[in-house]
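Engineer: Please read through the structure below; I'll follow up with questions.
Residue numbers (my numbering): 4 to 108.
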């Protein structure tokens, strides 16, 4: 199970043991690169969606609020050698939307 944390981490929870992987699937530090990550109010890492062909293409998408309050959608690939980690070099900006208010996310 993937757990999306508002503060920017995506963690993997093993439902069999209840253990959380010590290394995040995606780290907040990676989202903060560039224009930062805002977590005030209703902002933060707000969503995760897996490509319908994730098992073959390893692509997933995240929705978050950047340091300027803009909505951003980015795609990433999981690592080829470790699908429990993100290949940060695969990052691709899909969409950026300026938001007029901090609760328009």
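In this text, a Cβ means the ideal position worked out from N, Cα and C, and glycines have one as well.
Per DSSP, what kind of secondary structure is residue 66 in: helix, strand or coil?
Structural biologist: Counting from one through the chain shown, the residue named residue 66 turns up at place 63. In the structure shown, residue 66 sits in a strand (DSSP, three-state: E or B).
Engineer: Would you kindly work out how many angstroms separate the C-alpha atoms of residue 27 and residue 88, rounded to a whole number?
Structural biologist: Position 24 of the chain shown, counted from the first residue, corresponds to residue 27. Position 85 of the chain shown, counted from the first residue, corresponds to residue 88. Approximately 7 Å between the Cα atoms of the pair.
Engineer: To which residues does DSSP link residue 96 through a beta bridge?
Structural biologist: On the chain shown, residue 96 is found 93 positions in, with the first residue counted as 1. Bridge partners of residue 96: 77.
Engineer: Would the stretch 50–62 and the stretch 14–24 be scored as touching if the rule is three or more Cβ pairs under 8 Å?
Structural biologist: Too few Cβ pairs lie closer than 8 Å, so no.
Engineer: Hey, residue 99 and residue 73 are a contact pair by Cβ (cut 8 Å); roughly how many whole angstroms apart?
Structural biologist: Position 96 of the chain shown, counted from the first residue, corresponds to residue 99. Position 70 of the chain shown, counted from the first residue, corresponds to residue 73. Yes, they are in contact, since the Cβ atoms of residue 99 and residue 73 sit about 6 Å apart, within 8 Å.
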